[in-house]
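Enquirer: Letter 71 of the sequence shown, counting from 1, is numbered 71 in UniProt numbering, and no numbers are missing.
Shown below is the structure under consideration.
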Amino acid sequence: MPELRDHEDRQAITREIVDNGGGCLDMTINPYANYVIQRMVFMAEEEQVRLLVDEASRNVAYLRRYSHGQHVLAAMERFLSAKAGRQVFLVPRPPLLTHQ
1 MPELRDHEDR QAITREIVDN GGGCLDMTIN PYANYVIQRM VFMAEEEQVR
51 LLVDEASRNV AYLRRYSHGQ HVLAAMERFL SAKAGRQVFL VPRPPLLTHQ
């Protein structure tokens, strides 16, 4: 995978994936696209990783049903654990409430 050196490029790609109405979840459980998400966890900037982690943490139970989703969750947990200096596990969170 080519290195994404430009901040705007990384941000645009992450936003496109996260804002694509479930695209992130679809990619996470896909046998090939999950690798893209795993690489993004380690290559993207912290703010962008937080977007991916937030999306995943709202869907942990769903992602754990799929082997590829489990791989992505494990990559996120490794990243967060390294950053925190201690073991971190993603636990299910309720979806964000939207006001009408």
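Quick reminder that beta carbons are idealized off the backbone N, C-alpha and C, glycines included.
Rounding to the nearest angstrom, what Cα-Cα distance links R86 and D26 in this structure?
Expert: Your numbering for residue 86 matches position 86 in the sequence shown. Your numbering for residue 26 matches position 26 in the sequence shown. Going by the C-alpha atoms only, they are around 30 Å apart.
Enquirer: State the DSSP-derived secondary structure class of N30, mapped to helix, strand or coil.
Expert: The residue labelled residue 30 in the question sits at position 30 within the sequence shown. If DSSP states are grouped into helix, strand and coil, N30 belongs with coil.
Enquirer: Three-state secondary structure (DSSP) at Y62?
Expert: For the purposes of this step, residue 62 is taken as residue 62 along the sequence shown, with counting starting at 1. Helix.
Enquirer: State buried or exposed for V41, treating a residue as buried only when at least 16 other CB atoms are found within 10 Å of its CB.
Expert: Taking the first residue of the sequence shown as position 1, residue 41 is located at position 41. That one is buried.
Enquirer: Which stretch, first to last residue, makes up the alpha helix (DSSP H) that contains L90?
Expert: Walking along the sequence shown from the start, residue 90 turns up at place 90. From DSSP, L90 is part of no alpha helix (DSSP H); its letter is neither H nor E.
Enquirer: Would you kindly work out how many angstroms separate the C-alpha atoms of L80 and L52, rounded to a whole number?
Expert: Counting from 1 along the sequence shown, the entry for residue 80 is found at position 80. Counting from 1 along the sequence shown, the entry for residue 52 is found at position 52. If I take the Cα positions, the gap works out to 12 Å.
Enquirer: Going by beta carbon distance, what residues of the same chain come within less than 8 Å of A61, once the five residues before and after it are set aside?
Expert: Position 61 of the sequence shown, counting from 1, holds the residue named residue 61. Around A61: P92.
Enquirer: Give me the Cβ distance between V49 and L63, rounded to the nearest whole Å; I'm assuming they're in contact under 8 Å.
Expert: Translated into the one-based positions of the sequence shown, residue 49 becomes position 49. Translated into the one-based positions of the sequence shown, residue 63 becomes position 63. That belief does not hold up - the Cβ atoms of V49 and L63 are roughly 16 Å apart, past 8 Å.
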